[in-house]
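Chemist: Sequence lines, in order, name chains A and B. For the first sequence, the numbering used here assigns the number 1 to the initial residue and increments by one for each residue that follows. For the second sequence, the numbering used here assigns the number 1001 to the initial residue and increments by one for each residue that follows. Glycine is no exception: its CB is placed at the ideal position from the N, C-alpha and C atoms. Supplied in structure tokens, the structure appears directly below.
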Amino acid sequence: MAEEVKLFRNWSSPFALRVVWALQLKGVPYDTIYEDLSEKSPLLLHYNPIHKKVPVLVHNGKPLAESLVILEYIEETWKQTPLFPEDPYERSTARFWARFGDDQLLHSVFNVFIKQGKEQEEAIARAQGNLKYLEEELRGKKFFSGEKIGFLDLAFGWVANLVSVLEEIEGLTLIEHEKYPLLLAWIQNFIDAPIIKESWPPRDKLITKYRARIEFYSSKEAAKK
Amino acid sequence: MGDEVVLLDFWPSVFGMRVRIALAEKGIEYEYKDDNLRNKSDLLLKMNPVHKKVPVLIHNGKPVCESLIIVQYIDEVWKDKSPLLPSDPHQRAHARFWADFVDQKVYAVGRKLWETKREEQEAANKDFLETFKTLETELGEKPYFGGETFGFVDISLITFYSRFYLYERFGKLSMEAEFPKIVAWAKRCLQKESVANTLPDQKKIYEFHMKWFGLE
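Spelled out as structure tokens, the structure:
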């Protein structure tokens, strides 16, 4: 039976990129539907009525949303090139760090770039504290998942993708070389991997997009005062 | 085989309750340690240095944190009895999605009912109603969120039943009037020993919150 796999994404979403990478690493053929998130298609809203976001994976007509949930589904459905650890304890550790990335690290990193003055100093301290955990997790490992790219690397992919973009926009280095040698090495190894490299969104477009985002959120922050 | 299972928890924690239910469903023997969150034990700080929160499951000395991650771990390790997640990948994804929805929404919208005042409270009430309406719609006519059997999504949500009286007092609403299916579902879940033995009495939880947050 011909499998039908469709991925709803936009050009830049780091969450959608996780799914792109997972499908490509496993060699699963799929069709891409690009969404303009300022004008969401009726089909997207039909497939993800609860959150109305990308990514959405539709497999043989059945939709799935939430990137980390989708990654688990992909792992269970296409068993070649396993991305998750086999051991349940290691699996729970990987899930823990993925959630940490999405729930704590992401906000803390963005806050660095939208806050000013003393609040920015506090945001930097917090973000760097969070990044320290990643540095420790990499001890003795090339990738978070070990010798090869796996689930946790995909979950942290946005760190490799976005942080340097934000740093460039603001002229501020968050991932300092002396403090995060392992993390910087991981970033380089990750973005050098062919599958990752070919799917990277264009940097100049990312800079334009995030510059606008930072300005928007910074002015919201300033307006609060 | 000697399996050492310890649960670090705090009795009113809706998240800790999820783990207690899962352990009971599987018939796992464990040592329960109550940790008062305003006076955290050294063990908790050592076992969950990142979040310093309960619940933490310590299995043969190794900690697992985050309630839904713990429940999945329990399901994967003690896999020969009472499966908590379905075996079909699509249904598993569906279960994970809805448990994640509960995590993203229910705790926060509930808290806002007593944290907000005046105009903000109106918005808080609206959010609360919308969230539970979504859950009621998802439940539909099914006996449980997973279908015929009690499972992952039911575990993720049922613990909030202990807060229903709290929600009713602060939201000035009747859960049964607004969400009859949810309340019927909750009562169905309470017929299970694992749930009935775990969930504290609603009034007890209400009194605890009044004291803890100084709401009196």
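(1) Using a C-beta to C-beta distance shorter than 7 Å, which residues of chain B count as neighbours of Ala223(A)?
(2) Quick check on Ile1170(B): buried or exposed, where buried means 16 or more other Cβ atoms within 10 Å of its Cβ?
(3) Distance, Cα to Cα, Ser108(A) vs Pro1180(B)?
(4) Could you spell out the range, first to last residue, of the alpha helix (DSSP H) harbouring Arg211(A)?
(5) Entirely within the region 22-103 of chain A and at least 3 residues each: give me those beta strand (DSSP E) ranges in chain order.
(6) What does His1059(B) pair with, by DSSP beta-bridge criteria?
(7) Got a sec? Which residues, its chain only, sit under 7 Å from Ile1155(B) by beta carbon, not counting five neighbours each side?
(8) Work out the CA separation of Leu25(A) and Leu1068(B) for me, nearest whole Å.
(9) Would you kindly report the start and end of the unbroken beta strand (DSSP E) that includes Glu1031(B)?
(10) Using CA coordinates, which residue listed in Leu68(A), Arg91(A) and Gln80(A) is at the minimum distance from Ile1074(B)?
(11) Using a C-beta cutoff of 9 Å, does Met1(A) count as contacting chain B?
(12) Please list, in chain order, the chain B residues whose beta carbon lies closer than 7 Å to that of Phe100(A).
(13) By Cβ distance below 7 Å, which residues in the same chain neighbour Ser41(A) in space, the five residues on each side in sequence not counted?
(14) Cutting at 8 Å between CB atoms, please list the residues of its own chain near Thr173(A), excluding the five before and the five after it.
(15) Closer than 7 Å by C-beta to Pro181(A): which residues in its own chain qualify, once you throw out the five before and the five after it? Chain order, please.
(16) Can you name, in chain order, every residue of its own chain whose Cβ lies under 7 Å from the Cβ of Ser218(A), other than the five neighbours on each side?
(17) Going by other Cβ atoms of all chains shown within 10 Å of its Cβ, with 16 needed for buried, is Phe1213(B) buried or exposed?
(18) Is the distance from the Cβ of Tyr1030(B) to the Cβ of Val1014(B) below 9 Å?
(19) Beta-carbon of Thr1149(B) versus every beta-carbon of chain A: anything under 9 Å?
(20) By the 10 Å Cβ neighbour count, where 16 or more other Cβ atoms means buried, how is Val1054(B) classified, buried or exposed?
(21) Please classify Lys53(A) as buried or exposed, where buried requires at least 16 other C-beta atoms within 10 Å of its C-beta.
(22) In terms of residue numbering, what span does the alpha helix (DSSP H) encompassing Arg1096(B) cover?
(23) Output the residue ranges of the alpha helix (DSSP H) runs that lie fully inside the region 161-198 of chain A and measure 4 residues or longer, sorted by chain position.
(24) Counting only beta-carbon separations shorter than 9 Å, does Val1054(B) have a partner in chain A?
Modeler: Checking against the coordinates, here is how it stands:
(1) The residue given as residue 223(A) occupies position 223 in the first sequence. Near Ala223(A) there are no residues of chain B at all, since even the closest Cβ is about 18 Å away, more than 7 Å.
(2) As a first step, residue 1170(B) must be located in the second sequence, where it is residue number 170. Per the sequence presented here, residue 1170(B) reads as Phe, with Ile not at that position. Buried: at least 16 other Cβ atoms inside 10 Å.
(3) In the first sequence, counting from the first residue as 1, residue 108(A) sits at position 108. In the second sequence, counting from the first residue as 1, residue 1180(B) sits at position 180. Cα to Cα, the separation comes out at about 40 Å.
(4) By 1-based counting over the first sequence, the position of residue 211(A) is 211. Residues Arg203 to Lys224.
(5) 31-34, 56-59 and 62-65
(6) Within the second sequence, numbered from 1, the residue matching residue 1059(B) stands at position 59. In DSSP, His1059(B) forms a bridge with Val1005(B) and Lys1062(B).
(7) Locating residue 1155(B) in the second sequence gives position 155, where the first residue counts as 1. Excluding residues within five positions, the ones whose Cβ falls inside 7 Å are Arg1018, Ile1021, Ala1022, Val1071 and Leu1084.
(8) As a working mapping, residue 1068(B) is identified with position 68 in the second sequence. As a working mapping, residue 25(A) is identified with position 25 in the first sequence. Answer to the nearest angstrom: the Cα atoms are 27 Å apart.
(9) The count along the second sequence starts at 1 and reaches residue 1031(B) at position 31. Counting along the chain, the beta strand (DSSP E) containing Glu1031(B) begins and ends at Glu1031 to Asp1034.
(10) Taking the first residue of the second sequence as 1, we reach residue 1074(B) at position 74. Closest option to Ile1074(B), Cα to Cα, is Arg91(A).
(11) Translated into positions along the first sequence, residue 1(A) becomes position 1. Bear in mind that the predicted position of Met1(A) carries a pLDDT of just 49, short of 50, making it too unreliable to give a figure here.
(12) Taking the first sequence and counting its residues from 1, the one referred to as residue 100(A) is at position 100. Chain B residues near Phe100(A): Val1050.
(13) Numbered from 1 along the first sequence, position 41 holds the residue referred to as residue 41(A). Within the same chain, Ser41(A) has close Cβ partners Glu35.
(14) Mapped onto the first sequence, residue 173(A) falls at position 173. If we look at Thr173(A) and ignore the five residues flanking it on each side, its Cβ neighbours are Glu167.
(15) Translated into the one-based positions of the first sequence, residue 181(A) becomes position 181. So the list is empty, once near-sequence residues are dropped.
(16) As a working mapping, residue 218(A) is identified with position 218 in the first sequence. Contacts found: Ile114.
(17) To locate residue 1213(B), count along the second sequence from 1; it is residue 213. Under this definition Phe1213(B) is an exposed residue.
(18) Here residue 1030(B) refers to the residue found at position 30 of the second sequence. Here residue 1014(B) refers to the residue found at position 14 of the second sequence. No.
(19) Here the question's residue 1149(B) lines up with position 149 in the second sequence. No, because no Cβ of chain A sits closer than 9 Å to the Cβ of Thr1149(B).
(20) By one-based count along the second sequence, residue 1054(B) stands at place 54. Answer is buried; the Cβ neighbour count reaches 16.
(21) Reading the first sequence from its first residue, position 53 is the one you call residue 53(A). By the neighbour-count rule (16 or more Cβ atoms within 10 Å), Lys53(A) is buried.
(22) Here residue 1096(B) refers to the residue found at position 96 when the second sequence is read from its first residue. Element bounds for Arg1096(B): Pro1089 to Glu1115.
(23) 181-192
(24) In the second sequence, the residue the question calls residue 1054(B) occupies position 54. Output row for Val1054(B): interface = no.
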